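Inspection log for the structure reproduced underneath, given as C-alpha cells.
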Amino acid sequence: MAEHQHDFRAHAATFAAFNKLVLFTILWVVLLLAAMALGLVGNLPVIATLLGLGGTFVLLVAFAIME
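Under the working numbering, the first residue of the sequence shown is numbered 157, with each subsequent residue one higher.
As C-alpha cells, this is what we get:
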C-alpha cells in the first residue's frame, strides 16, 4: 500500500510540473503575439521589443520562483 502512495505522489508532482510548463507556454505565446502585433500592425517596434524581452524575463522569473 505504501508503494502505491509513493507512486501517486510522484504522479501528482509530475502533473503539477507539466501543468506549470503548459501555462508558461500559453502565456509566452500570447506575449509573443502581442509583441508582434505591436511591432508589425501598430508600427511600434521599439516598444514591442521591450515588451517582448521584458515580458519574457518577467515570465521566467515568475515561474522560477513559483512552487
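Where a beta carbon is used, it is the ideal one built from N, C-alpha and C, also for glycine. Given the structure is predicted, the values throughout are model-derived calculations rather than measurements.
Where do the N-terminal and C-terminal ends of the alpha helix (DSSP H) with residue i fall, by residue?
i: GLY211; result: 201-221
Which residue wins for smallest C-alpha separation from residue i, given the options the options?
i: THR205; options: VAL217, MET192 and VAL214; result: MET192
i: GLU223; options: LYS176, VAL185 and ALA166; result: LYS176
Among the residues of its own chain, which have a CB less than 6 angstroms from the CB of residue i, if the five just before and after it don't count?
i: PHE219; result: PHE180
i: ALA190; result: none
Report the CB separation of residue i from residue j in whole angstroms; it is logged as a contact under 8 angstroms.
i: GLY208; j: LEU188; result: 7 angstroms
Between the beta-carbon of residue i and the beta-carbon of residue j, is there less than 9 angstroms?
i: LEU215; j: ILE203; result: no
Suppose the cutoff is 8 angstroms on Cβ atoms and the five residues either side in sequence are ignored; what does the same chain contact list for residue i look like?
i: HIS162; result: none
i: THR212; result: TRP184 and LEU187
Output needed for residue i: all residues of its chain with C-beta closer than 7 angstroms, excluding positions within five of it in sequence on either side, in chain order.
i: PRO201; result: GLY195
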